[in-house]
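Enquirer: If you're matching positions, the sequence shown starts at 574 in this note's numbering and goes up one per residue.
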Amino acid sequence: GINAEYGDIMSSSEEEGAKPQGSDEEQKGKKRKAPAKKAAKEKAPAKKRGKKPPAKKRTKKDPNEPKRGSTAYQMFAKERRAELKEEKPELKFGEISKLISPEWKGLSKEDKKKWEDLAKKDKERYERELEEYKNKQKDDEGSDEDDDNGDDESS
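#1: CB-CB under 8 Å to Ile-673, same chain, minus the five flanking residues each way: which ones, in chain order?
#2: Would you mind reading off the limits of the alpha helix (DSSP H) that contains Leu-672?
#3: Helix, strand or coil for Gly-715? Go by DSSP, reduced to three states.
#4: So, does the segment 639-647 touch the segment 688-696, judging by three or more C-beta pairs under 8 Å?
#5: Could you say which of Asp-713, Leu-680, Tyr-706 lies nearest to Lys-640 if we only look at CA atoms?
#6: In whole angstroms, what is the alpha-carbon distance linking Asp-721 and Glu-697?
#7: How many Å lie between Ile-669 and Pro-626 at the Cα?
#8: Per DSSP, what kind of secondary structure is Lys-696 in: helix, strand or coil?
#9: In chain order, what residues of the same chain lie with their CB nearer than 7 Å to the CB of Leu-680, ignoring the 5 residues before and after it?
#10: For Gly-715, count the other beta carbons within 10 Å of its own beta carbon; 16 or more makes it buried, fewer makes it exposed. Which is it?
#11: To the nearest angstrom, how far is the alpha carbon of Pro-636 from that of Glu-704?
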């Protein structure tokens, strides 16, 4: 049982017809696979360790570009977070989020509709502002080109 020695366990498994872990057939199989792995490693170029690839540079966002519309959940959470912060100022941001999420999931469709309507209005606001922003960008580019052409003619 529990106090059995290694030899006792081996002999009992061999009696049942089980192969010991280090059998000749398994060893041969491992020897066959090893050269294939080694050959694959030799073909692959050596990786340089310790050096990270250079970070990709982000394009700078225009601070004048309109902010995206908020989702219904974001609007609900923003209002609810303010209420919870007044009730329990000791709560941390993550703890408040853990309380808000199940509240949102438990809201009825009628209750969520209020927030979805607000989100829809915010989305329309964003699309309108974005359209105005893009038009202004086009106008600014057009006026810059006109200024350049005017300078060339006067020289």
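Cβ coordinates follow ideal geometry from the N, Cα and C atoms, glycine included. Since this is a predicted model, take the numbers as computed values, not measurements.
Expert: With the structure as the only source:
#1: Phe-649, Ala-650, Arg-653, Arg-654, Leu-657
#2: 666-679
#3: helix
#4: yes
#5: Among Asp-713, Leu-680, Tyr-706, the Cα nearest to that of Lys-640 belongs to Tyr-706.
#6: In this predicted model, Asp-721 has a pLDDT of only 48, less than 50, meaning its place in the structure is not dependable; the value taken from the coordinates is given anyway. Distance between the alpha carbons of Asp-721 and Glu-697: 37 Å.
#7: 38 Å
#8: helix
#9: none
#10: exposed
#11: 16 Å
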